[in-house]
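Asker:
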Amino acid sequence: MLNISEKARAYFVLFAMMILILLINVDYTAVNIALLPISKDSGADLNTLQWLLSGYVLAWAVLVIPAGQLADIYGKRRLLLWGVNIFALSSILCGIVTSAPLLIFARVLQGFGGALFVPPLYALVFECFPEKNRGFAIGMLGVGAAVGLAIGPSFGGYILANFGWRWIFLINGPLCLITVAIIILCVAKEPKRIAEGKVDVQGSLLLGVSLMGFMYALNQSEVWGLKDPALWGIIAASLSLLALFIKTSEKKENRLIPKGLFSNKPFIGCMIGFSVYCFAFSTILVIIGLYLQNIQGYSPYEAGLIFLSMTCALGLLSPFGGSFVDKMDARYPICGGLLLLGVTLIFAMFFNTNTEKTTLLVVLFAMGLGMGLSFPALNAMMMKVVDPKKLSTASGTFIMAACTSNSLGVVVSTSLFTGLGAVYFNRLLTVEAIPLNPEATQNLLTVLGSAYRDLSLLSTFTSQEITRYLAMINDSLVRALFSVIGLVAILSFAAALICYRSITPKNVLKN
209 MLNISEKARA
219 YFVLFAMMIL
229 ILLINVDYTA
239 VNIALLPISK
249 DSGADLNTLQ
259 WLLSGYVLAW
269 AVLVIPAGQL
279 ADIYGKRRLL
289 LWGVNIFALS
299 SILCGIVTSA
309 PLLIFARVLQ
319 GFGGALFVPP
329 LYALVFECFP
339 EKNRGFAIGM
349 LGVGAAVGLA
359 IGPSFGGYIL
369 ANFGWRWIFL
379 INGPLCLITV
389 AIIILCVAKE
399 PKRIAEGKVD
409 VQGSLLLGVS
419 LMGFMYALNQ
429 SEVWGLKDPA
439 LWGIIAASLS
449 LLALFIKTSE
459 KKENRLIPKG
469 LFSNKPFIGC
479 MIGFSVYCFA
489 FSTILVIIGL
499 YLQNIQGYSP
509 YEAGLIFLSM
519 TCALGLLSPF
529 GGSFVDKMDA
539 RYPICGGLLL
549 LGVTLIFAMF
559 FNTNTEKTTL
569 LVVLFAMGLG
579 MGLSFPALNA
589 MMMKVVDPKK
599 LSTASGTFIM
609 AACTSNSLGV
619 VVSTSLFTGL
629 GAVYFNRLLT
639 VEAIPLNPEA
649 TQNLLTVLGS
659 AYRDLSLLST
669 FTSQEITRYL
679 AMINDSLVRA
689 LFSVIGLVAI
699 LSFAAALICY
709 RSITPKNVLK
719 N
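When you number the sequence shown by my numbering, it's gap-free, plus one each residue, and the end is 719.
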């Protein structure tokens, strides 16, 4: 290890962890912007490409709690190195594969790598700093996330315009090497085991398969239809496995989720608030991203620049959101941020085909302010209310709920967006008494539900008809956007109320 002061070591570690947080957030947001060119290259539809996003975060959700348990038993440094190496190698794989299924597989591997290093990442930073500065340190991780989110869309747009979407992934390799070097030089080696116990393999498998089945069913619901027995069969099997996981965990000493964690009221409040935040964030990225590109006609790069207003605001307030938890009642930044997010979502409900860029920038900037208050405050408060001996496992549980919500946000929002859009479009066809044969109607619905609009499907129509039908598609999707964003606004207000009632300054433990 480097012969430096503990304070300097803590800040080196914080810097390395900020790079990792930046990377995973750049990847997530940049891929959102890259959906259209990836769709064009691979020929995959939006339903398939959802798995580039939901598969990535679902892999986190499946592995993140076992990763936290592994870190508590075998050491944070060891798990960090494993995770970063897997993330780097899978990023390179993402950049060289040539088909959508292989790209999705590589993204799932990326998610596994992230799941291994994220729980020990937060716990290590939390332990490196004295109690009075922990909120600030967690807030700075929020800055890393916000910078990643801020540069992700514009970075993705720049890379797409100049080098192609593959370089969004390939650039991760050198940055991962920097973090590995800092971890090796600044984090002390640990013994082979730092705590007694073993990983709950049975519980990990039961919970993981349950989550995968549930998310797969949700993702396929639009393709199969709600009346398909296979859909409900998979959901029933997933819920049965979840019930079995809960039942078999009750008597275990090495249970995957620590005993008493779900009776920890402030922890549950923070987890619900953070889950809603993640659901909202993923919905905004995907639905507003599709709105900007397909309805407003912005290029991926231009859409990324517009999103910059939201993510810059998020980065601007993140250090303060974390620090506020050290200095005041944590409910102020948490609930205030969620309420502000809900109010701005109400404004976003009324985005339409003619909304001006200035309005888009102002609303997204205000959204970012709400996120910047609540995101780091929820993280910091969660760590203050759990047993420090179980910090990595608790962090893993927290992140699992967040990742599941993130994935749910992608799947539910896109399914509702395209599903409601199709309903509204069919109504317009009926109201305007437009006679179309089934094949023509299906081609129009395919264009409506695609990330990349392949207008060759409309080659049987005249140019005037194409213009008319595209306007009808856009009007239908604007109505769908109103419904989807409205749902997220309601969830944000509900989360603010739950957090206010479950979190108090008395909940903080002395770690």
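C-beta atoms are modelled at their ideal positions from N, C-alpha and C, and glycine is treated no differently.
The structure presented is a predicted model; accordingly, all values stated were derived computationally and were not measured.
Around the Cβ of Phe-606, are there at least 16 other Cβ atoms within 10 angstroms (buried) or fewer (exposed)?
Answerer: buried
Asker: Let me make sure I understand the geometry here. Which of Val-326, Arg-709, Leu-222 has the alpha-carbon closest to that of Cys-336?
Answerer: Leu-222
Asker: What is the rounded straight-line gap between the Cα of Leu-311 and the Cα of Leu-317?
Answerer: 10 Å
Asker: From the DSSP output, in three-state form, read off Leu-464 for me.
Answerer: coil
Asker: Give the C-beta separation of Thr-364 and Ala-238 to the nearest angstrom, bearing in mind that I take them to be a contact with Cβ-Cβ under 8 Å.
Answerer: It is worth fixing the name first, because residue 364 is Gly in this sequence and not Thr. About 3 Å separates the two Cβ atoms, so the contact holds.
Asker: Measuring alpha carbon to alpha carbon, tell me which residue in Gly-411, Tyr-485, Arg-676 is nearest Lys-455.
Answerer: Gly-411
Asker: Taking the C-alpha atoms as reference points, what is the distance between Ala-438 and Leu-426?
Answerer: 12 Å
Asker: Taking Ser-603 as the reference, which of Phe-475, Ile-212, Gly-381, Val-533 has the closest Cα?
Answerer: Phe-475
Asker: Do three or more CB pairs link the region 577-591 to the region 523-535 at distances below 8 Å?
Answerer: yes
Asker: My output table needs one value for Lys-406: the three-state DSSP class, helix, strand or coil.
Answerer: DSSP places Lys-406 in coil when its eight states are reduced to three.
Asker: Residue ranges of each alpha helix (DSSP H) run of no fewer than 4 residues wholly in the region 419-498, ordered along the chain?
Answerer: The region 419-498 contains, as complete alpha helix (DSSP H) runs of 4+ residues, the segments 437-457, 473-491 (chain order).
Asker: Quick one: residues in its chain with C-beta nearer than 6 Å to the C-beta of Leu-230, no 5 flanking neighbours on either side, listed in chain order?
Answerer: Gly-352, Val-355, Gly-356
Asker: For the alpha helix (DSSP H) containing Asn-587, list its first residue and its last residue.
Answerer: 565-592
Asker: Comparing the CB of Val-305 with every heavy atom of the ligand SAH, is any distance shorter than 7 Å?
Answerer: Because no ligand of any kind appears in the structure shown, any question about the ligand SAH cannot be addressed here.
Asker: Taking Arg-539 as part of the alpha helix (DSSP H), name the residues at either end of that continuous run.
Answerer: Annotation: the continuous alpha helix (DSSP H) that includes Arg-539 extends over 539-556.
Asker: Once you ignore the five residues that flank Ile-367 on each side, which residues in its own chain have a CB closer than 6 Å to its CB?
Answerer: Trp-375, Ile-376
Asker: In whole angstroms, what is the alpha-carbon distance linking Gln-650 and Asn-341?
Answerer: 58 Å
Asker: Looking at the secondary structure, which residues open and close the alpha helix (DSSP H) in which Phe-206 lies?
Answerer: With the chain covering only 209 through 719, there is no way to say anything about residue 206.
Asker: State the Cα-Cα distance for the pair Gly-372 and Ala-242, rounded to the nearest angstrom.
Answerer: 9 Å
Asker: Looking at the unbroken alpha helix (DSSP H) that takes in Asp-249, where does it start and where does it end?
Answerer: Start and end: 214-250.
Asker: Quick check on Asp-253: does DSSP put it in helix, strand or coil?
Answerer: coil
Asker: To the nearest angstrom, how far is the alpha carbon of Ile-548 from that of Arg-635?
Answerer: The question names Ile, but residue 548 in the sequence shown is Leu. Their backbone Cα atoms lie some 35 Å apart in a straight line.
Asker: Arg-374 lies in the alpha helix (DSSP H); which residues open and close that run?
Answerer: It is not in any alpha helix (DSSP H) - Arg-374 carries neither H nor E in the DSSP assignment.
Asker: Please report the distance separating the alpha-carbon of Leu-493 from that of Leu-624.
Answerer: Roughly 15 Å separates the two Cα atoms.
Asker: Taking only the alpha-carbon atoms, compute the straight-line gap between Ile-391 and Ile-212 and give it to the nearest angstrom.
Answerer: 14 Å
Asker: Taking Cβ positions, are Trp-807 and Gly-350 nearer each other than 8 Å?
Answerer: Shown here, the chain extends from 209 to 719; a query on residue 807 therefore has no answer.
Asker: Helix, strand or coil: which one does DSSP assign to Ser-667?
Answerer: coil
Asker: Could you give the distance in angstroms between the alpha-carbon of Glu-339 and the alpha-carbon of Leu-419?
Answerer: 35 Å
Asker: For Met-608, I'd like the list of residues in its chain whose CB is within less than 6 Å of its CB, leaving aside the five on either flank, ordered along the chain.
Answerer: Ala-269, Val-272, Ile-273
Asker: Between Gly-477 and the rest of its own chain, which residues show a CB-CB distance below 8 Å, the 5 nearest in sequence each way excluded?
Answerer: Apart from sequence neighbours up to five positions away, the residues of its chain that approach Gly-477 with a beta-carbon distance below 8 Å are Ile-706, Cys-707, Arg-709, Ser-710, Ile-711, ordered along the chain.
Asker: Closest to Ala-369 by C-alpha separation, out of Arg-315, Asp-280, Gly-468, Glu-510, would be which residue?
Answerer: Out of Arg-315, Asp-280, Gly-468, Glu-510, Glu-510 has the C-alpha closest to the C-alpha of Ala-369.
Asker: According to DSSP, is Ser-507 helix, strand or coil?
Answerer: Three-state DSSP puts Ser-507 in coil, outside helix and strand.
Asker: Using three-state DSSP, classify Glu-640 as helix, strand or coil.
Answerer: coil
Asker: Measure the beta-carbon distance from Thr-490 to Gly-657 and round it to whole angstroms, keeping in mind my assumption that it falls under 8 Å.
Answerer: It is Ser, not Thr, that sits at residue 490 in the sequence shown. Incorrect: roughly 18 Å between the Cβ atoms, too far for contact.
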